[in-house]
Ligand code: C5P
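In our numbering, the protein residues as written are 1 to 317.
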């Protein structure tokens with residue numbers, strides 16, 4: 001996540017993520033699932049503009065990246081349904097921080113969406129993390145990263161990941177983040193089919209395995225930073241549960257099987273599906289072939305140039 005700020009004005013670029021490995025350990029008494037996952041941020045970004053405002057009011061507008069203003073409560077696009085009111089995670093995050101920090105100021109915020117929604121790409125979570133960082137800087141709160149992380153975990157299981165680096169092993173319900181060394185510069189093609197899936201629906205449909213796979217061997221492969229080793233370590237326990245609910249997953253699996261990618265699987269709780277490519281030009285070729293198949297919204301992405309980067313801008317006057 002890249003952050004640039006000047007006075008009460010801050011811009012944050014909030015990345016998407018994909019899950020290279022995701023195993024469910026068991027279902028907890030609180031209804032959540034204990035899991036182990038290896039995630040990497042990818043260079044597909046939403047952009048959040050934050051300006052502190054002397055009134056206590058919080059205002060959020062949302063634009064689709066193709067440029068039209070979202071006037072309805074929710075709007076549809078190839079990216080999926082985007083909430084534009086106070087149920088947007090940006091609004092919820094900033095409102096929570098405002099309340100907990102006892103802030104009297106408000107904010108004018110504008111979110112430009114590029115990350116598909118209900119797709120297992122973490123867009124809403126990344127936007128929430130971006131909002132916490134932006135408000136912390138814009139309102140000059142000086143909250144520490146651990147304090148913001150605790151707030152992030154209240155907002156959603158994946159939100160803390162986005163406050164950290166580019167790649168991490170996450171455990172607990174996803175909110176316990178162990179950043180890892182760089183996984184190298186990997187090239188991906190990501191497809192978001194026309195329909196999305198709700199996270200809770202997919203988890204509810206998933207059966208924890210009697211003998212969960214260990215994340216250690218997946219990390220061993222991934223840490224070699226070679227696309228071919230990363231591909232061999234791919235795993236997602238939620239994929240059969242999502243495939244039960246959406247026919248798109250099986251269709252995407254078959255289509256990716258036919259093109260020449262090193263490995264492929266669903267990301268998070270779906271519905272987006274990705275393939276690991278040899279390099280950026282290879283990803284470009286694969287993306288072109290998949291676009292011609294009209295499977296949904298096709299994105300080329302890389303693990304390099306993504307992740308959290310904080311830059312404070314100072315006014316020169
Ligand atoms: O934490 P978050 O709000 O993103 O989770 C959305 C839903 O996904 C939860 O209400 C829960 O049903 C499910 N979930 C789960 N186990 C996890 C994470 C999410 O069951 N580790």
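We treat Cβ as the ideally placed atom computed from N, Cα and C, and that holds for glycine.
Quiz item: Should residue 220 be labelled buried (16 or more other beta-carbon atoms within 10 Å of its own) or exposed?
Solution: Start at 1 with the first residue of the chain shown, and residue 220 comes out as number 220. Per the 10 Å Cβ criterion, exposed.
Quiz prompt | residue 50, enclosing beta strand (DSSP E) - first and last residue | solution = As a first step, residue 50 must be located in the chain shown, where it is residue number 50. Start and end: 33-53.
Quiz item: Is it the case that the CB of residue 123 approaches a heavy atom of the ligand C5P more closely than 7 angstroms?
Solution: By 1-based counting over the chain shown, the position of residue 123 is 123. No.
Quiz item: Does the ligand C5P have a heavy atom nearer than 7 angstroms to the CB of residue 237?
Solution: Mapped onto the chain shown, residue 237 falls at position 237. Incorrect: residue 237 has no Cβ contact closer than 7 angstroms to the ligand C5P.
Quiz prompt | Bridge partners - residue 270, DSSP secondary structure assignment | solution = For the purposes of this step, residue 270 is taken as the residue at position 270 of the chain shown. Looking at the DSSP assignment, residue 270 forms no beta bridge with any residue, so it has no partner.
Practice problem: List the endpoints of the continuous alpha helix (DSSP H) containing residue 169. | Solution: Reading the chain shown from its first residue, position 169 is the one you call residue 169. From DSSP, residue 169 is part of no alpha helix (DSSP H) but of the beta strand (DSSP E) over 167-171.
Practice problem: Check whether the Cβ of residue 92 lies closer than 7 angstroms to any heavy atom of the ligand C5P, and answer yes or no. | Solution: The count along the chain shown starts at 1 and reaches residue 92 at position 92. Result no, Cβ not under 7 angstroms from the ligand C5P.
Quiz prompt | Simplified DSSP assignment, three categories, for residue 195 | solution = For the purposes of this step, residue 195 is identified with residue 195 of the chain shown, where counting begins at 1. Coil at residue 195, not helix or strand.
Exercise. Compute the Euclidean distance between the alpha carbons of residue 290 and residue 255, then round it to the nearest angstrom.
Key: What you label residue 290 is simply residue 290 of the chain shown in a count that begins at 1. What you label residue 255 is simply residue 255 of the chain shown in a count that begins at 1. Looking at the two C-alpha atoms, the distance is approximately 8 angstroms.
Quiz item: Relative to the alpha-carbon of residue 181, which residue among 169, 192, 117 has its alpha-carbon at the smallest distance?
Solution: In the chain shown, counting from the first residue as 1, residue 181 sits at position 181. Minimum Cα distance to residue 181 is reached at 169.
Quiz item: Under the rule that 16 or more other beta-carbon atoms within 10 Å means buried, what is residue 198, buried or exposed?
Solution: For the purposes of this step, residue 198 is identified with residue 198 of the chain shown, where counting begins at 1. Residue 198 comes out exposed.
Practice problem: Run the proximity test for residue 49: is its beta-carbon closer than 7 angstroms to any non-hydrogen atom belonging to the ligand C5P? | Solution: Your numbering for residue 49 matches position 49 in the chain shown. Every heavy atom of the ligand C5P is 7 angstroms or more from the Cβ of residue 49, so no.
Quiz item: Using a threshold of 7 angstroms, is the CB atom of residue 35 nearer than that to any non-hydrogen atom of the ligand C5P?
Solution: Here residue 35 refers to the residue found at position 35 when the chain shown is read from its first residue. Under cutoff, so the answer is yes.
Quiz item: Touching or not, the segment 138-146 and the segment 95-107, by the rule of three or more beta carbon pairs under 8 angstroms?
Solution: yes
Quiz prompt | Closest by C-alpha distance to residue 301, when choosing among 275, 58, 195 | solution = Taking the chain shown and counting its residues from 1, the one referred to as residue 301 is at position 301. For residue 301, the nearest C-alpha among the options comes from 275.
Quiz item: Does the separation of the CB atoms of residue 241 and residue 121 fall below 8 angstroms?
Solution: Sequence index remark: in the chain shown, residue 241 carries index 241 (1-based). Sequence index remark: in the chain shown, residue 121 carries index 121 (1-based). No. Outside cutoff.
Quiz item: Got a sec: does the ligand C5P put a non-hydrogen atom nearer than 7 angstroms to the Cβ of residue 149?
Solution: The residue given as residue 149 occupies position 149 in the chain shown. No, the ligand C5P has no heavy atom inside 7 angstroms of this Cβ.
Exercise. Give a single yes or no on whether residue 199 has its beta carbon closer than 7 angstroms to a heavy atom of the ligand C5P.
Key: What you label residue 199 is simply residue 199 of the chain shown in a count that begins at 1. Yes, since a heavy atom of the ligand C5P falls inside the 7 angstroms radius drawn around the Cβ of residue 199.
Quiz item: Under a Cβ-count criterion, where at least 16 other Cβ atoms within 10 Å of its own Cβ denotes burial, should residue 214 be classed as buried or exposed?
Solution: Here residue 214 is taken as the residue at index 214 of the chain shown, counted from 1. So residue 214 counts as exposed.
Quiz item: Grouping DSSP H, G and I as helix and E and B as strand, with all else coil, what is residue 60?
Solution: Here residue 60 refers to the residue found at position 60 when the chain shown is read from its first residue. Of the three classes helix, strand and coil, the one that applies to residue 60 here is strand, per DSSP.
Practice problem: Quick one: using the 10 Å Cβ neighbour count with 16 as the cut-off for buried, is residue 130 buried or exposed? | Solution: Taking the chain shown and counting its residues from 1, the one referred to as residue 130 is at position 130. The residue in question, residue 130, is buried, as its Cβ has 16 or more Cβ neighbours within 10 Å.
Exercise. Please state whether DSSP places residue 219 in a helix, a strand or coil.
Key: On the chain shown, position 219 is the one that residue 219 refers to. Note: residue 219 maps to helix in three-state DSSP.
Self-check item: Same chain, Cβ closer than 8 angstroms to residue 95, neighbours up to 5 away in sequence not counted
Solution: The residue you call residue 95 lines up with position 95 of the chain shown. So the list reads 58, 86, once near-sequence residues are dropped.
Quiz item: What three-state label does DSSP hand residue 254 in the structure shown?
Solution: For the purposes of this step, residue 254 is identified with residue 254 of the chain shown, where counting begins at 1. Residue 254 falls in the helix class under three-state DSSP.
Quiz item: Alpha carbon to alpha carbon, how far is residue 64 from residue 89?
Solution: The residue labelled residue 64 in the question sits at position 64 within the chain shown. The residue labelled residue 89 in the question sits at position 89 within the chain shown. Distance between the alpha carbons of residue 64 and residue 89 is about 16 angstroms.
Quiz item: Taking the Cβ atom as the reference point for each residue, do residue 21 and residue 38 lie within a distance shorter than 8 angstroms?
Solution: To locate residue 21, count along the chain shown from 1; it is residue 21. To locate residue 38, count along the chain shown from 1; it is residue 38. Cβ atoms of residue 21 and residue 38: closer than 8 angstroms.
Practice problem: Determine the direct distance from the alpha carbon of residue 123 to that of residue 183, and round the result to whole angstroms. | Solution: The residue given as residue 183 occupies position 183 in the chain shown. The residue given as residue 123 occupies position 123 in the chain shown. Each residue's Cα considered, the two are about 21 angstroms apart.
Quiz item: What does residue 277 pair with, by DSSP beta-bridge criteria?
Solution: Reading the chain shown from its first residue, position 277 is the one you call residue 277. Answer is 187, bridged to residue 277.
Practice problem: Ignore the nearest five residues each way along the sequence and tell me which others in residue 101's own chain have a CB closer than 6 angstroms to its CB. | Solution: Within the chain shown, numbered from 1, the residue matching residue 101 stands at position 101. Contacts found: 141.
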